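For this note's numbering, add 80 to where a residue sits in the sequence shown, where the first one is 1.
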Amino acid sequence: MGLLSQGSPLSWEETKRHADHVRRHGILQFLHIYHAVKDRHKDVLKWGDEVIFNLVYLQTGNYHDPPYRLKIRFCGQYERD
């Protein structure tokens, strides 16, 4: 989710119409990520990792257009054990 820079937010009624789609695809995305990383050892997913994983995957997924770039802006504190 990010800052809405174009358009306008959906009304509550419009949002409710799309809720099942969002739930279903959110679950499918989580399962895809989980299955992709389930065999990792000593490297567990933590809150927010799914977003970072997707950013890296998308940035490196297009190997026809090097150089690869990853730009993450983060305002806060990220703790890793």
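Where a beta carbon is used, it is the ideal one built from N, C-alpha and C, also for glycine.
Being a predicted model, the structure only gives us computed values, none of them experimental.
Same chain, Cβ closer than 6 Å to residue i, neighbours up to 5 away in sequence not counted
i	result
alanine 99	none
Rounded C-alpha distance that separates residue i from residue j
i	j	result
arginine 97	valine 117	32 Å
histidine 101	glutamine 86	22 Å
aspartate 119	isoleucine 113	11 Å
histidine 105	threonine 95	15 Å
proline 89	lysine 122	40 Å
Close Cβ partners of residue i (< 8 Å) along its chain, the five nearest in sequence each way excluded
i	result
glutamate 93	none
isoleucine 107	none
Alpha helix (DSSP H) segment containing residue i, residue limits
i	result
aspartate 100	92-117
Contact with chain B by residue i, beta-carbon distance below 8 Å
i	result
glutamine 109	Of the protein chains in this structure there is only one, and it is not chain B.
Contact test: residue i Cβ vs the ligand SAH heavy atom, cutoff 7 Å
i	result
arginine 97	Absence of the ligand SAH from the depicted structure is noted, as is the absence of any ligand whatsoever, leaving it without description.
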